[in-house]
Amino acid sequence: MELKYVDFKAISMSKSVGMETMKFSSSLLDSKLKFGVNVAPKFCSGKGLYFRDKWVLDASDDEYGGVIVTAERLPSNPAKFASVLRASLAHWKVKGKKGVWLKLPVEKCDLVPIAVKEGFQYHHAERGYVMMTYWIPNEPCMLPSNASHQVGVGGFVINDKNEVLVVQEKHSAPALSGLWKIPTGFILESEEIFTGVVREVKEETGIDTEFVEVMAFRHAQNVAFEKSDLFFVCLLRPLSKQIKVDDLEIKAAKWMPLAEFVEQPLIQGDDMFKKIIDIFIARLGKRYCGLSVHQLVSKFDDKLSTLYFNTVDDPDLNCQAS
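Under the working numbering, the residues of the sequence shown are numbered 221 to 542, in order.
Shown next, in the form of structure tokens:
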């Protein structure tokens, strides 16, 4: 007999130890469907089999054929989460999905071991959550890795007296003890390089500045927790003079004559420091041009992005290097 209709309102469910049992009852069907931990519950219809939504985690599709689980609608009960997670993975596999992104808030951290047991891997963590991933296809995982770099900035600020704004940090490596250095720091999430360096100088010294250009950048490997590091050396123009030290990070700050700054033994004895100073002095003498800021919109994402490049079409009034 061909099945034409199922009265789903009449469906009831029951559970048995070690195996879940779903009972179907209607005027046309009276049977049982048993399924194990790796198979999601299914219902019959005239069009075939489908998964009931209440047994699948709420998720949205990403643009690469995967799914992003809605963190706000995760079950709080660990046992229920384990059951629904298994059913969801089976459902997404049938649907041909690829990567699964599972964001677990800190208040639901007890769900992490369950996800690990089901094969999820750590991707990254922030203060309020841990992101886990699962690759469904039986082929090499194509999900992108966690962020590979941290980004730092340093600000060369020089006034009309040929003095450089320098600081001594409260907490520094023993090898750098006594060094007067330019203000440095890390870029914040979603922060531009040119705004981040201005912020760092302001926080450490109280000096307001205007970004001029990126003079150089350094790329180093295995700097912190096996991550790489990008450090952008920027030229800034001072807009104020009065120094106000950040007592949490900075031991002292002052305006130091350029010659005195350059002649510090720690700078003269370090090839990287010396080269950066050489670039800085060449820039002051207009024998070198850095990278200025240009904000443009790309049709690829319709978003405003920042492109750093040396001015080639228009004359650079601040740099006359040929």
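Cβ coordinates follow ideal geometry from the N, Cα and C atoms, glycine included. Quantities reported herein were computed from a predicted structural model and do not represent experimental measurements.
- If you draw a straight line from the Cα of L456 to the Cα of K317, it is about 49 Å long.
- With a beta-carbon spacing of about 12 Å, V320 and T290 fall beyond the 8 Å limit used to define contacts.
- The bridge partners DSSP lists for G405 are V373.
- Scanning the region 408-455 from its first residue to its last, the whole alpha helix (DSSP H) runs of 4-plus residues come out as 413-425.
- The Cβ atoms of V377 and P458 sit closer than 8 Å to each other.
- If only complete runs of 4 or more residues are kept, the region 303-350 shows the alpha helix (DSSP H) at 332-337, in order along the chain.
- Residue burial is scored here from C-beta neighbours: R293 has fewer than 16 other C-beta atoms within 10 angstroms and is therefore classed as exposed.
- In its chain, beyond the 5 residues on either side, Q370 have a beta carbon closer than 8 Å to the beta carbon of A444.
- The DSSP-derived three-state label of V482 is helix.
- For W355, DSSP records a beta bridge to G319.
- Two segments are said to touch when three or more pairs of C-beta atoms, one from each, lie closer than 8 Å; by this definition the region 327-344 does not touch the region 418-433.
- Beta-bridge annotation (DSSP): R503 is not paired with any residue.
- Annotation: the continuous beta strand (DSSP E) that includes P477 extends over I470 to P477.
- In the three-state reduction of the DSSP assignment, Q488 falls in the helix class.
- In the displayed model, F520 falls within coil according to three-state DSSP, outside both helix and strand.
- Segment contact: the region 504-523 against the region 487-496, fewer than three CB-CB distances shorter than 8 Å; contact not assigned.
- A straight line joining the alpha-carbon of L385 with that of Q462 spans about 11 Å.
- Using a Cβ distance threshold of 8 Å, L322 and P298 do not count as a contacting pair.
- A direct Cα-Cα distance of roughly 54 Å separates E383 from C361.
- Counting only residues of its own chain and dropping the five nearest sequence neighbours on each side, V418 has a CB closer than 6 Å to the CB of T429 and F431.
- In the structure shown, P360 adopts coil according to DSSP, grouped into three states.
- In this chain, L511 is not harboured by any beta strand (DSSP E), its DSSP state being neither H nor E.
- Take the alpha-carbon of S392 and the one of W475: they are about 20 Å apart.
- In the structure shown, E389 adopts extended strand secondary structure according to DSSP, grouped into three states.
- Sequence-distant Cβ neighbours of I334 in its own chain, meaning closer than 8 Å and more than five residues away, are P298, F301, A302 and L305.
- A367 carries a coil assignment under DSSP once its states are collapsed to helix, strand and coil.
- Annotation for S280: the continuous beta strand (DSSP E) segment containing it runs A279 to D281.
- Between D449 and the set F529, G372, T415 and Y349, the nearest pair of CA atoms involves G372.
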